[in-house]
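*Asks:* Supplied in structure tokens, the structure appears directly below.
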DNA sequence: GTTCTAACA
DNA sequence: TGTTAGCA
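In the UniProt record's numbering, the protein residues as written are 1 to 70.
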């Protein structure tokens, strides 16, 4: 994998994702169980999230916040 | 230190 | 949804 590729396909652990999305690991896992996100679970025990998933979390987060307002 | 699962309220 | 317990 090239250096450029790592910049475009970084994989973060749930801890980083929770900070980036401002969500809790519970919500992230729950959404994952609902099939709303598709993280890369290589070992099956640890799931790494890519920008793709983080982006989806932000969309979902917005929906949750909108749900409160409406 | 970090992640995962399970269950309960 | 949030927390706790134990495990690797």
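Where a beta carbon is used, it is the ideal one built from N, C-alpha and C, also for glycine.
Sort out for me which residues DSSP pairs residue 65 with in a bridge.
*Replies:* Here residue 65 corresponds to residue number 65 of the first chain, with the count starting at 1. None; residue 65 has no bridge partner.
*Asks:* Between residue 37 and residue 23, how many whole angstroms is the CB-CB distance? I'm expecting something under 8 Å.
*Replies:* Against the first chain, residue 37 aligns to sequence position 37. Against the first chain, residue 23 aligns to sequence position 23. So it is not a contact: roughly 11 Å between Cβ atoms.
*Asks:* Taking all protein chains shown into account, decide if residue 40 is buried (16 or more other Cβ within 10 angstroms of its Cβ) or exposed.
*Replies:* Stepping through the first chain from its first residue, residue 40 is reached at position 40. It counts as exposed.
*Asks:* According to DSSP, simplified to helix, strand and coil, what is residue 20?
*Replies:* Translated into the one-based positions of the first chain, residue 20 becomes position 20. Helix.
*Asks:* Take residue 60 and list the residues in its own chain whose beta-carbon comes closer than 7 Å to its own, dropping the five residues that flank it on each side.
*Replies:* Your numbering for residue 60 matches position 60 in the first chain. These residues qualify, in order along the chain: 31, 36.
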